[in-house]
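Novice: Please find one structure pasted underneath; my questions will follow.
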Amino acid sequence: MKKTLFISVLFLLGSLSGWSQTKQLDLGDKVPDFNLPNQEGKTFSMKDSIGSSVLVIFFYPKGESALTKNELVSFNDSISKFNSAGALVIGISGNSIEKLKAFHDKYNLKYDLLSDPKGVVLKAFGVKENLFSNRITYVINIAGEVVFKNYSLMEGKKHAGEAVKFVSEMK
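For the sequence shown, our numbering gives the first residue as 7, with consecutive numbering after it.
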C-alpha cells in the first residue's frame, strides 16, 4: 500500500509540474541519430554504430540513488553476457561528463555512460526529464530499429536481466 501510494504521488507530482514528454519510441521505430560525449569526453555517434552491433541503450535519472546504483551495477554484472550476444551497452542521463566519470570509476563500469545535459536525446527518445520517471531500456537491432523496450519506474535492476535475456534470444 505504501509503495503504491508513493508511486502515485510521484506520478502526480511529475504530471502537475509541467515536465513535458514527447512520445516514447515504440517497437519498430527507427532510432534517432545523435552524438553525445561519454564519461571521457569522447563522442559516441549513433550513425557510426548502426549496422555494427545490437545496441542496448538505457536511460536513468540524474543524480545518484540506490536505484540508479543498482541499475548501473546490474548492467555491469551482465556485460559479459551482452558482449557474448554481440550487444553494445550504453547508459544515458542528463548528468555532466564529470559526474559520469565519477560513476564510471566508482562502480568500475565496463560500458560507456553518455552525457545529455540539455535533454536533446532524452526528448528524441520520449524519455521524461525528471528525477523519477526516466528509467527505460531500449534494444536496437543492427538495422537501427527498436526491437525491445522496458519501462519501469522503481525496478531499474530488472532492466539488465530482461534486456540480456532478450538479446541472447535474438541469436
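For glycine and all other residues, C-beta sits at the position ideal for the given N, C-alpha and C.
So K36 and G132 are in contact, right, with Cβ under 8 Å, and what is the actual spacing, rounded?
Specialist: With 8 Å as the limit, K36 and G132 do not qualify as a contact, their Cβ atoms being about 13 Å apart.
Novice: Return the Cβ separation of F1 and V95 in integer angstroms, given the expectation that the two are a contact with Cβ distance under 8 Å.
Specialist: Residue numbering for the chain in the displayed model covers 7 to 177; residue 1 lies beyond these limits and cannot be assessed.
Novice: Can you give the beta carbon distance from V142 to F65, rounded, assuming they're within the 8 Å contact cut?
Specialist: Inspection of the sequence shows that residue 142 is occupied by Ile rather than by Val. Rounded, the Cβ-Cβ distance is 5 Å, consistent with contact.
Novice: Based on the DSSP secondary-structure assignment, which residues constitute the bridge partners of P43?
Specialist: According to DSSP, P43 bridges with T49.
Novice: Shorter than 8 Å from the beta carbon of A149 to some beta carbon of chain D?
Specialist: The structure shown has no chain D; it contains just one protein chain.
Novice: Which residues in the same chain as D118 place their Cβ atom closer than 7 Å to its Cβ, once the five residues preceding and following it in sequence are excluded?
Specialist: So the qualifying residues of the chain are N44, Q45, F50, I96.
Novice: Compute the distance between the beta-carbons of V127 and I98, then report whether it is under 8 Å.
Specialist: Cβ distance < 8 Å, so V127 and I98 count as in contact.
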